[in-house]
Amino acid sequence: MAPLILYDLPSNGRCSCWSLNPWKTRMALNYKNVEYQTEFVEYPDLAPTLKGLGVPPNDPSVNTMLYSSPTVRLPDGTFVMDSQKIIFELEKLYPSPPLYLDSEILPKVQELMPQIMGCMVGVFMPRTPKILNDVSAQYFYETRKVRFGMPLQQLEEEKGGPEAWEAGKEPLAKMAALLNQTSGPFFLGNEGKYNSMPYLLSFVFHVLTQAVSYADFVLVSLLEYTKRIGQDIFDKVVAVDKSFEEIYKASAKWLERDDH
Numbered sequence: 065m066a067p068l069i070l071y072d073l074p075s076n077g078r079c080s081c082w083s084l085n086p087w088k089t090r091m092a093l094n095y096k097n098v099e100y101q102t103e104f105v106e107y108p109d110l111a112p113t114l115k116g117l118g119v120p121p122n123d124p125s126v127n128t129m130l131y132s133s134p135t136v137r138l139p140d141g142t143f144v145m146d147s148q149k150i151i152f153e154l155e156k157l158y159p160s161p162p163l164y165l166d167s168e169i170l171p172k173v174q175e176l177m178p179q180i181m182g183c184m185v186g187v188f189m190p191r192t193p194k195i196l197n198d199v200s201a202q203y204f205y206e207t208r209k210v211r212f213g214m215p216l217q218q219l220e221e222e223k224g225g226p227e228a229w230e231a232g233k234e235p236l237a238k239m240a241a242l243l244n245q246t247s248g249p250f251f252l253g254n255e256g257k258y259n260s261m262p263y264l265l266s267f268v269f270h271v272l273t274q275a276v277s278y279a280d281f282v283l284v285s286l287l288e289y290t291k292r293i294g295q296d297i298f299d300k301v302v303a304v305d306k307s308f309e310e311i312y313k314a315s316a317k318w319l320e321r322d323d324h
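Residue numbers (this note's numbering): 65 to 324.
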């Protein structure tokens, strides 16, 4: 059976994964130790490449981009596009270790993500082309100018800067509050199951039973994206709450494979 193929977006310099949504899928594959291969496709080549492979387009009422990354070709030859759809297919095909897609925390995390991105769009978007190859950078400039109704430089001037960071504090704080509901470093903890145990035994039990979930990968993918577009941006985001840096460090092993 053929290995799974992940269609990802390349960065300039050392070609590697950088984008938030592909990272969600890549982290899940790395965590589940799935055999897969990466095919990097430049932005303007996504539509002709995926269309040529027979991939059904996205629903235009849901996604204005008819073809997008991540897309995967499953071992049986079928294609799935969009990280949200992909994760459910991966969970069916590779149920162990589980990613707790039925967790009550996941929809709360997913609800906060567009709020964060909406507040920080003037910070994040103008930095993104700097990590792309020329052909994708030009595509990004042109398509985002249409999407936001202004060039990225103007977007940065009007919706970036201190005002964006101030607006982003609230949804970032709400995300941190969700993360701090347990003893961490992940969203799903085991608080209450070991409080009555002797200290050493409770510590060992806690470490061994910490539950990694897809909610963690949604947040960590955002953190990794901010680090790729600028260490200064990453530093300001994680400075909002210490739990952000803790979950990022705890997830480091699933960020290691980023280029093949």
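Yeah, the Cβ is synthetic: ideal placement off N, Cα and C, and Gly gets one too.
This structure is a prediction, so every number in the text was calculated from the model and none was measured.
Using the rule of at least 16 other Cβ atoms within 10 Å of the residue's Cβ for burial, across every protein chain shown, is residue i buried or exposed?
i: Pro-112; result: exposed
i: Val-126; result: exposed
i: Val-199; result: exposed
i: Asp-43; result: Residue 43 lies beyond the residue range present for the chain, which begins at 65 and ends at 324; the question has no answer from this structure.
i: Lys-223; result: buried
i: Pro-171; result: exposed
i: Pro-249; result: buried
i: Val-268; result: The predicted position of Val-268 is uncertain, since its pLDDT is 42 and thus under 50; a value taken from the coordinates is nonetheless stated next. When all chains shown are included, Val-268 counts as exposed.
i: Asn-94; result: buried
i: Arg-211; result: exposed
i: Pro-235; result: buried
i: Asn-259; result: In this predicted model, Asn-259 has a pLDDT of only 37, less than 50, meaning its place in the structure is not dependable; the value taken from the coordinates is given anyway. Looking at its Cβ environment, which holds fewer than 16 other Cβ atoms inside 10 Å, Asn-259 is exposed.
Name, in chain order, the residues that DSSP records as bridge partners for residue i.
i: Thr-128; result: Looking at the DSSP assignment, Thr-128 forms no beta bridge with any residue, so it has no partner.
i: Thr-102; result: Leu-70
Identify whether residue i lies in helix, strand or coil by the three-state DSSP scheme.
i: Arg-137; result: strand
i: Leu-272; result: Note that Leu-272 scores a pLDDT of 46, beneath 50, so its modelled location is shaky; the value from the coordinates is reported in the next line. Leu-272 falls in the helix class under three-state DSSP.
i: Leu-114; result: helix
i: Ile-144; result: The residue asked about is misnamed: residue 144 is Val in this sequence, not Ile. Val-144 falls in the strand class under three-state DSSP.
i: Gln-245; result: coil
i: Leu-252; result: strand
i: Glu-309; result: helix
i: Ser-266; result: The predicted model places Ser-266 with a pLDDT of 38, which falls under 50 and marks its position as unreliable; any figure quoted below should be read in that light. Three-state result, Ser-266: helix.
i: Arg-321; result: coil
i: Ala-240; result: helix
i: Asp-166; result: coil
i: Asp-123; result: coil
i: Cys-79; result: coil
i: Tyr-278; result: helix
i: Tyr-158; result: coil
i: Val-302; result: helix
Can you check whether the CB of residue j is closer than 8 Å to the CB of residue i?
i: Ser-133; j: Pro-86; result: yes
i: His-165; j: Tyr-278; result: For the sequence presented, residue 165 should be read as Leu rather than His. Cβ distance < 8 Å, so Leu-165 and Tyr-278 count as in contact.
i: Tyr-205; j: Tyr-107; result: no
i: Lys-149; j: Tyr-131; result: no
i: Val-301; j: Leu-287; result: yes
* Three or more C-beta pairs closer than 8 Å, one from the segment 238-254 and one from the segment 304-318: is that the case here? -> yes
* Asked: Are there three or more Cβ pairs, one per stretch, closer than 8 Å when the segment 291-302 is compared with the segment 185-195?
  -> yes
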